[in-house]
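In our numbering, the protein residues as written are 32 to 305.
Glycine included, every Cβ here is placed at the ideal spot set by N, Cα and C.
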């Protein structure tokens, strides 16, 4: 059995195709799915998917990109998330974090990394860490080119309740993240970029298998072997099996060993049924 611990089946690109994606993944042994929110709307959609499909569990939260898009302010946003977090099968707060990357050729092109934007991200991040602690939920952390900002915030707001209940989603190949993860018992998410990033391949060899979970980040980060020339490179949860095989190859162990251990890790991380 495999678990995709991070797939955005709540995004528009999958609208009306969620069941097809789930069935295709289950046909190759992917049995459970964690669907994280990126804003209030997609968080609500994640909850709805969890209510509709027995194999789906939800996370609710606001991605750092959306830190300044809340007319009612952080307090109203927090009230909305508190309503959602009480719904059945909500296992985590996420994805949340800090993102200082200047995106190009995407809808985020206009997101300028100003001091005001960074401050808004920081405030939202800390607020959502406290939310996870209040409701005893797992944390799904997003970091992109922001280690110097994210780690001090995480350290200053750390609580032992987050030990073994936190994951660095699509973890950057940064020794500081690995050191922090080992010290604080944080899991590390492995994605399709393992198929092309030499830096990530070297990095992942250093991470104990007992601290790794598999994730596709669908519809993003499609493994190279799943891409077809002339077709959209749309990632989907079934491709978690490709990530499992890649990880096994770089760890020089069997895919069965990777599947068993990472599934056990995911069950522990999110409190899923074993």
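Quick one, which of 224, 197 and 223 has its alpha-carbon nearest residue 211's?
For residue 211, the nearest C-alpha among the options comes from 197.
Flag this pair as touching only if the region 112-122 and the region 83-93 have three or more C-beta atom pairs under 8 Å; answer yes or no.
yes
Flag this pair as yes or no: are the beta carbons of residue 272 and residue 59 separated by less than 7 Å?
yes
DSSP three-state label for residue 258, please.
Taken through DSSP and simplified to helix, strand or coil, residue 258 comes out as coil.
Please list, in chain order, all residues of the same chain as residue 191 whose beta carbon is under 7 Å from its beta carbon, the five residues on each side excluded.
none
Smallest Cα separation from residue 21: which of 155, 269, 93 and 303?
Nothing in the structure corresponds to residue 21, since the chain is present only between 32 and 305.
Cα separation between residue 24 and residue 147?
Here the chain covers residues 32 to 305 and nothing more, so residue 24 does not appear.
Given a cut-off of 7 Å on the beta-carbon distance, is the pair residue 158 and residue 105 in contact?
yes
Considering only residues of the same chain and omitting the five flanking positions on each side of residue 74, which have a CB-CB separation below 6 Å?
68, 91 and 115
Look up residue 218 in the DSSP assignment and give the residues it is bridged to.
198
Distance between residue 216 and residue 186 (C-alpha atoms, nearest Å)
13 Å
N-terminal and C-terminal residue of the beta strand (DSSP E) that residue 91 is part of
87-91
CA-to-CA distance, residue 249 to residue 291, given in whole angstroms:
The alpha-carbon atoms of residue 291 and residue 249 are separated by roughly 22 Å.
Would you report the Cα separation of residue 136 and residue 267, rounded to the nearest angstrom?
With a pLDDT of only 47 at residue 136, under the threshold of 50, the placement of this residue in the model should not be trusted; the figure read from the coordinates follows. Near 22 Å, if we compare the C-alpha coordinates of residue 267 and residue 136.
Reduced DSSP category for residue 47 - H, G, I as helix; E, B as strand; rest coil
The answer is coil: DSSP assigns residue 47 none of H, G, I, E or B.
Can you give me the Cβ contacts of residue 294 inside the same chain, cut-off strictly under 8 Å, excluding the 5 residues immediately before and after it?
Here the set comprises 32, 33 and 34.
By the three-class DSSP mapping on this structure, what secondary structure does residue 62 have?
strand
Would you please state the rounded distance, in angstroms, between the beta carbons of residue 171 and residue 200? I believe it to be under 8 Å.
5 Å
Quick check on this structure: which residue in 255, 261 and 260 has the alpha carbon closest to the alpha carbon of residue 276?
255
For residue 279, which residues of its own chain have a beta-carbon under 8 Å away from its beta-carbon, when the five flanking residues on both sides are left out?
285, 286, 288 and 289
Just to confirm my understanding: we take residue 95, look at its own chain, exclude 5 residues before and 5 after, and list those with CB closer than 6 Å. What are they?
Closer than 6 Å at the Cβ level, and outside the excluded window around residue 95, lie 128, 129, 130 and 152.
Per-residue burial, residue 66 [other beta carbons within 10 Å of its own, 16 or more giving buried]
It counts as buried.
Sequence-distant residues of the same chain with beta carbon closer than 6 Å to residue 247, five excluded per side:
35, 38, 266, 268, 270 and 271
Which listed residue (241, 301, 236 and 300) has its alpha carbon closest to that of residue 283
236
Buried versus exposed, by CB contacts within 10 Å (16 or more), residue 223
Around the beta carbon of residue 223, 16 or more other beta carbons sit within 10 angstroms, so the residue counts as buried.
Round the Cβ separation of residue 188 and residue 243 to the nearest angstrom and send it over; I've been treating them as touching at under 8 Å.
Their Cβ separation, rounded to whole angstroms, is 24 Å, which puts residue 188 and residue 243 out of contact at 8 Å.
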